[in-house]
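If you're matching positions, the sequence shown starts at 50 in this note's numbering and goes up one per residue.
Using N, Cα and C, we set each Cβ at its ideal position, and we do this for glycine too.
Okay, structure first, notes after.
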Amino acid sequence: AYKLLDEAVEDIPPGSEGLLLLPYFMGERSPIWDPDAKGTIIGLTLYHTRRHLYRAVLEGVAYSLRHNIEAGLESGLELADECIMVGGATRSPLWMKMFSDVTGYPIKTLAQNVEAPYGDALLAGVGTGVLDSYERIKDWVRFDRTIYPDKKTKNIYDQYFVEYKKAYKSLKDTMKVLGKIK
């Protein structure tokens with residue numbers, strides 16, 4: 050399914066030709082912590098197709114990751130210089146490229162599709178004394194690819210990201226009111 054979806058939108062340029070999506074479909078946790086936040090599509094015209102909307106969803110989630118990364122850095126957290134992605138989204142090479150281009154971070158994906166069981170085994174092993182260190186996970190995990198950001202594409206996404214952050218601030222009061230109208 051990811052292959053078909055990737056192929057359907059790979060010819061649409063970064064920014065979905067003027068679409069911006071705030072992926073707050075269940076409120077939003079970090080970094081804005083607003084249960085009243087609403088999913089929002091900005092810039093929609095009759096020109097846009099469902100392919101544009103799908104790409105805008107992928108980009109919106111990538112902007113959300115970047116928003117969290119920036120919040121972490123602003124709070125003084127020391128973050129790694131790469132991002133390790135796990136789960137179903139890693140089956141989409143296009144989405145992984147978007148994450149890299151939007152965040153500016155190299156994205157690494159696991160060769161194995163067992164991230165939660167590995168974590169469970171590691172915690173149980175260290176907790177029971179069977180394993181001596183959390184560092185043992187490095188012996189188990191193998192990466193299958195690293196995706197690097199493209200500077201030109203990142204520059205485009207940087208401009209959209211500025212608007213992404215402004216959009217929530219501009220719409221948050223309206224989002225709250227819409228949630229109260231009965």
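Restricting to Cα atoms, I'd like to know which of the options is closest to residue i.
i, options, result
"residue 199", "145, 228, 172", "145"
"residue 129", "64, 135, 121", "121"
"residue 183", "192, 194, 167, 197", "167"
"residue 67", "196, 206, 127, 134", "206"
"residue 57", "74, 134, 89, 99", "99"
"residue 104", "147, 191, 220", "147"
"residue 119", "80, 194, 108", "80"
"residue 201", "64, 52, 174, 51", "64"
"residue 62", "220, 107, 88, 74", "107"
"residue 212", "78, 90, 228", "90"
"residue 138", "178, 125, 162", "162"
"residue 151", "125, 82, 210", "210"
"residue 223", "50, 51, 88", "88"
Quick one: what does DSSP say residue i is sitting in, helix, strand or coil?
i, result
"residue 68", "coil"
Below 8 Å on the Cβ atoms is my contact criterion, and I expect residue i with residue j to pass it. Report the Cβ-Cβ distance as a whole number of Å.
i, j, result
"residue 55", "residue 149", "The pair is not a contact, with the Cβ atoms about 15 Å apart (cut-off 8 Å)."
"residue 136", "residue 203", "So it is not a contact: roughly 23 Å between Cβ atoms."
"residue 109", "residue 70", "4 Å"
"residue 116", "residue 214", "7 Å"
"residue 131", "residue 155", "4 Å"
"residue 72", "residue 113", "6 Å"
Considering only heavy atoms of the ligand NAD, does any lie closer than 7 Å to the CB of residue i?
i, result
"residue 80", "The ligand content of the structure shown is nil, which means the ligand NAD is not present either."
Short check: CB of residue i to CB of residue j, under 8 Å?
i, j, result
"residue 86", "residue 217", "yes"
"residue 160", "residue 191", "yes"
"residue 158", "residue 188", "no"
"residue 76", "residue 84", "yes"
"residue 59", "residue 143", "yes"
Practice task
Report the residue ranges of all beta strand (DSSP E) runs contained in full by the region 77–117; include only those spanning at least 3 residues, in chain order.
Solution key: You should have 89–91.
Problem - Contained alpha helix (DSSP H) runs [length at least 4] in the region 127–200, N- to C-terminal order - result: 142–152, 164–177, 186–189
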